[in-house]
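Just so we're aligned: 174 in the working numbering is position 109 of the sequence shown, and the numbers increase by one with no gaps anywhere.
Glycine included, every Cβ here is placed at the ideal spot set by N, Cα and C.
Please read all numbers here as calculations on a predicted model, not as lab measurements.
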Amino acid sequence: MAEVALVNKHLLALIISGLIAAIAVTILLVRNRNLQRALHKQQIANNDNSVAEVSPELNAGTHSDSQQKELVERLVQFMEENKPYLESHITVERLANKLNVSPKLLSSTINSQLHVNFFELIGNYRVAEAKKRLVDSELRQKPISEIMKSCGFNSKSVFNQAFKKSVGVTPSHYRQQHLH
């Protein structure tokens with residue numbers, strides 16, 4: 066009987082030790098999660114500040130016509146050199162980040178200076194690229210669907226609609242006209 070009581074005491078001590086260890090681990094995990102959240106919030110705040118520091122005159126509330134024209138020049142140069150429109154999931158936020166300006170400024174500048182919205186601008190660049198690729202002799206054997214995807218379009222119907230609106234004919238008709 067004394068042995069059973071001793072075994073029960075040891076078993077109880079082990080259970081209590083296990084519970085204390087589990088509570089300690091839980092407390093440490095909660096603290097770690099809270100620290101990670103605080104660190105993430107600080108990183109977001111630092112990123113917001115760094116964007117404002119990079120180009121404060123272009124992130125201010127009002128923008129002169131000359132500032133917007135300068136941004137358009139930078140945008141056009143960036144589009145021609147880096148071809149971000151070939152990324153199928155390009156957003157105004159990503160492009161603005163690459164140009165070190167706010168998405169709101171980039172969007173309003175595109176609207177007021179180029180008289181199109183962001184998606185029309187991207188579509189225009191993609192169609193222009195598709196026109197080049199459709200008549201490129203090295204790409205003659207590539208299916209139009211591959212050219213469409215390589216130009217950043219995800220949907221055949223969107224591609225055909227944008228192409229026909231811009232060029233006046235379908236991509237396949239355009240290719241036939243220019244390859245013969």
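Measure the alpha-carbon distance for residue i versus residue j and round it to whole angstroms.
i      : j      : result
Ala78  : Thr91  : 20 Å
Lys207 : Cys216 : 13 Å
Ile155 : Ala87  : 46 Å
Asn225 : Arg98  : 49 Å
So, are the CB atoms of residue i and residue j less than 8 Å apart?
i      : j      : result
Ala195 : Met213 : yes
Ile209 : Pro168 : no
Compare the Cα-Cα distances from residue i to each of the options and report the closest residue.
i      : options                        : result
Ser231 : Tyr190, Glu203, Val200, Ser202 : Tyr190
Leu136 : Leu104, Ser237, Ser222, Gln178 : Gln178
Glu185 : Leu104, Asn162, Leu170, Phe218 : Phe218
Lys197 : Arg102, Arg139, Tyr239         : Tyr239
With DSSP as the reference, label residue i as helix, strand or coil.
i      : result
Val166 : coil
Thr91  : helix
Phe218 : coil
His180 : coil
Would you decide whether residue i is buried or exposed? Buried here means 16 or more other CB atoms lie within 10 Å of its CB.
i      : result
Ile81  : exposed
Val234 : exposed
Ala227 : buried
Gly188 : buried
Ile85  : exposed
Gln133 : buried
Val166 : buried
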